[in-house]
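Colleague: Once you've had a glance at the structure underneath, I'll fire off some questions.
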Amino acid sequence: MKRLPEDAVVQRRTPEFTEATMPAGLRRRHTTRAGVWARIEVHEGVLRYRILGEPTEEHRLSPGHPGVVEPEVPHEVEPEGACRFHVEFLRRPEPAGG
1433 MKRLPEDAVV QRRTPEFTEA TMPAGLRRRH TTRAGVWARI EVHEGVLRYR
1483 ILGEPTEEHR LSPGHPGVVE PEVPHEVEPE GACRFHVEFL RRPEPAGG
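Those letters in the sequence shown? Residues 1433 to 1530, by our numbering.
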C-alpha cells in the first residue's frame, strides 16, 4: 500500500458514505488534484480500491486498513456489500519563506 508523506495535513473530510450513498463518481476512474493525497477510512465492511496505473493494484480496505491515494493517480473504489467510509484530503505544508 502507498504511504502518505509524514508531514501531510488534513485539509478537508467528506461526510460518511455507505454503499447506497457514495457518489457514483467514486466508482469510476478519477484522480485527486496535483499536490493532494487522500486517505480512505473504512468504518464498517470492505471497500475494493483499485489503483489504475501500470501495473494496476487492487486492495481490500477494511476498518484499520485504510487506502492511500497519491496525487493525480487514477483510481476507483467499489463496495463489497454493506460498508461505511469517509475520505480525508491532505496536503504537505508550504515551504517556509516561500
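C-beta atoms are modelled at their ideal positions from N, C-alpha and C, and glycine is treated no differently.
Which residue marks the beginning of the beta strand (DSSP E) containing glutamate 1520, and which one marks its end?
Modeller: From DSSP, the beta strand (DSSP E) with glutamate 1520 extends over 1516 to 1523.
Colleague: Could you tell me which uninterrupted beta strand (DSSP E) segments, each at least 3 residues in length, are contained entirely in the stretch 1488 to 1512, listed from first to last along the chain?
Modeller: Correct list: 1489 to 1493, 1499 to 1501, 1507 to 1511.
Colleague: Any contact of the stretch 1442 to 1462 with the stretch 1488 to 1501, i.e. 3+ C-beta pairs under 8 Å?
Modeller: Counting Cβ pairs under 8 Å, fewer than three are found: no touch.
Colleague: Would you list the one or two residues that DSSP bridges to threonine 1450?
Modeller: Per DSSP, Arg1516.
Colleague: Give me the Cα-Cα distance between arginine 1471 and leucine 1493, rounded to the nearest whole angstrom.
Modeller: Approximately 11 Å between the Cα atoms of the pair.
Colleague: Are the Cβ atoms of valine 1442 and glutamate 1504 separated by less than 7 Å?
Modeller: Taking 7 Å as the Cβ cut-off, valine 1442 and glutamate 1504 do not qualify as a contacting pair.
Colleague: In the DSSP output, what is histidine 1462 paired with across the bridge?
Modeller: DSSP lists His1507 as partners of histidine 1462.
Colleague: Between the Cα of glutamate 1512 and the Cα atoms of Leu1436, Arg1445, Glu1451, which residue gives the shortest distance?
Modeller: Residue Glu1451 is the option with its Cα nearest to glutamate 1512.
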